[in-house]
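Chemist: Provided herewith is a single structure, encoded as structure tokens, for subsequent inquiry.
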Amino acid sequence: MKKYKISLIAFLLILLSVQACSNDSLINSTQNKGTVRAEDIRAEYEYYLKEVKRLPKTVIDSELSKIKYDVSFYKVTYDATDPFGATKRLSGLVGIPNLSKEDKSKLFSIVSIQHGTLVYEAQAPSNIKFEKGKLTRDALTILSAAHTNGYIVVMPDYFGYGSDEENVHYYETGTSLAEATRKLIEAIPDLAKEKSVNIDLSKLFLFGYSEGGFATMSTLKSFSEHPTSYKNIITVSGAGAYDKVATAKHVTSQKGGNSPQFTASYLWVLLTYNSVYGINRDLHQMLLPAIVPKVKKYVGTDKIMQSQNIPSDPSKIFAPLFVEGLIKETDNDYIKALMDNNVSDFDALGSVILVHGMQDTWVPTFNTDSAFVRLQKRGVDVKTKYIEGGTHSSSYTGFIMKALETL
């Protein structure tokens, strides 16, 4: 029995040594989530291109030829600093191609994909299960990682999700999104070294849509203002609220809305800033009396979009004096917080493509319009891709295709 116990302890120690990374690594731990085969990716993507998109055979063959690698996915953990200065253990998803001997000397660029708004914690990237028959559901992640040109794909969960699920998500807060993303990117060379993959430390891809679009531009701003070896940054950002002041004015003054989640998402932004920026505004100063009890229980949480009791009409939520303070920019505390999260006017490194649906009523198209003008005035290599008739949800596919074109 004693011998058995010693053997068991030895086995557990070996297991721990496999799961934990070296002490000097920025990656704290890795969990293997399985491998997706290139042939399965190819088969499902072919069906999608042929039966759903109905593309000609020549185009389909060209797209399928880009799929080369089997990909192993890992949930990793790493440390980052939250808006209040506390160190948190965050997590993310990493996809690493399985290499043959002839590819061992090849340089692989990092593709960082920032996810959009999550309603439930279970939707975090590190919880993704790549199930056969459903691979195109995560097409951007899968196709980037399997691409013949060679990429390592990373997807941060952000603060409040994954290993940090017990804490709140700082919704649409640029510094926290950039911190979560950047710290994961900076940790990847350590993991790549362990997996015998060579990283190209000069070239970086940043992709993201909706909140992910805002996170992408926030991360680009961070790398642009605090540069590293990544000088060639290719950014494709879709439907993000880059101009927070203009967006807040537009949303709070609207009469009518898409759905309870539409207004709940913007309430979430304002409630988050109320806490993160120490505004500490009483709800009765922001909202109409009837809505205060419905919102109060969500203060300090990241679950307001799960509510079905939030009116879709902003005019039935926000107090007129609060709206007036935003419109006239006399509410100094909130205007300052909103301006701190404007990511439409900075000296961006690399090239930027902004994607937006022309019929997007959730995140107004003027966010892309103004960002394009402002960035162009600064001499940034920036282009736009407008999707005719595209809504906020339907334009996501167009964003994916545009991102894949840059690989």
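In terms of the numbering used here, the sequence shown opens at residue 135 and continues consecutively.
Beta carbons: idealized from backbone N, C-alpha and C, even for Gly.
Because the structure is a prediction, the values reported are computed rather than measured.
Where do the ends of the alpha helix (DSSP H) carrying S358 lie?
Modeler: 345–359
Chemist: Let's test the definition: count the other Cβ atoms within 10 Å of the Cβ of T540 and tell me whether it reaches 16, buried, or not, exposed.
Modeler: exposed
Chemist: Can you name the residues that DSSP bridges to A168?
Modeler: Sequence check: residue 168 is Gly here, not Ala. DSSP, once it has assigned bridges, lists F207 as partnering G168.
Chemist: Kindly provide the ranges of any beta strand (DSSP E) runs that are 3 or more residues long and lie completely inside the stretch 260–285, ordered along the chain.
Modeler: none
Chemist: Is it true that the stretch 299–311 meets the stretch 338–348, where meeting means three or more beta-carbon pairs spaced less than 8 Å apart?
Modeler: Between the stretch 299–311 and the stretch 338–348 there are three or more inter-stretch CB-CB distances shorter than 8 Å, so the stretches are counted as touching.
Chemist: Who are Y212's beta bridge partners in DSSP?
Modeler: Y212 is bridged by DSSP to I161, L224.
Chemist: For V210 and E299, what's the separation of their Cα atoms in angstroms?
Modeler: Near 14 Å, if we compare the C-alpha coordinates of E299 and V210.
Chemist: Note down the Cα distance separating R171 from S504, rounded to an integer number of angstroms.
Modeler: 42 Å
Chemist: Check whether chain C comes within 9 Å of S278, counting only Cβ atoms and requiring the distance to be less than that.
Modeler: Absent here is chain C; the protein component of the structure consists of one chain.
Chemist: Exposed or buried, which one is F218 when buried takes at least 16 other CB atoms within 10 Å?
Modeler: exposed
Chemist: Report the option in L354, K536, D447 whose CA atom is closest to the CA atom of Q388.
Modeler: D447
Chemist: Using the Cα positions of S399 and R188, report the straight-line distance between them to the nearest angstrom.
Modeler: 35 Å
Chemist: With DSSP as the reference, label M289 as helix, strand or coil.
Modeler: strand
Chemist: Could you tell me if P231 is buried or exposed, where buried requires 16 or more neighbouring beta carbons within 10 angstroms of its beta carbon?
Modeler: Result: buried.
Chemist: With DSSP run on the structure shown, which of helix, strand or coil describes F500?
Modeler: Note: F500 maps to helix in three-state DSSP.
Chemist: Touch check for the stretch 321–336 and the stretch 263–275: three-plus C-beta pairs under 8 Å?
Modeler: Taking a cut-off of 8 Å on C-beta distances, the stretch 321–336 does not touch the stretch 263–275, as fewer than three cross pairs fall below it.
Chemist: When you compare each of I534, E522, S485 to K355 by their alpha carbons, which one comes out closest?
Modeler: Measuring from the Cα of K355, the nearest candidate turns out to be S485.
Chemist: Any idea which residues DSSP pairs V489 with across the strands?
Modeler: The partner list for V489 (beta bridge, DSSP) reads G372, K519.
Chemist: Leaving out five residues on either side along the sequence, give the residues of the same chain with a beta carbon under 6 Å from the beta carbon of S151.
Modeler: In this prediction, S151 has a pLDDT of 41, which is less than 50 and means its spatial position is unreliable; nothing more can be read from the coordinates.
Chemist: To the nearest angstrom, report how far apart Y530 and A482 are at their CA atoms.
Modeler: For Y530 and A482, the distance between alpha carbons rounds to 23 Å.
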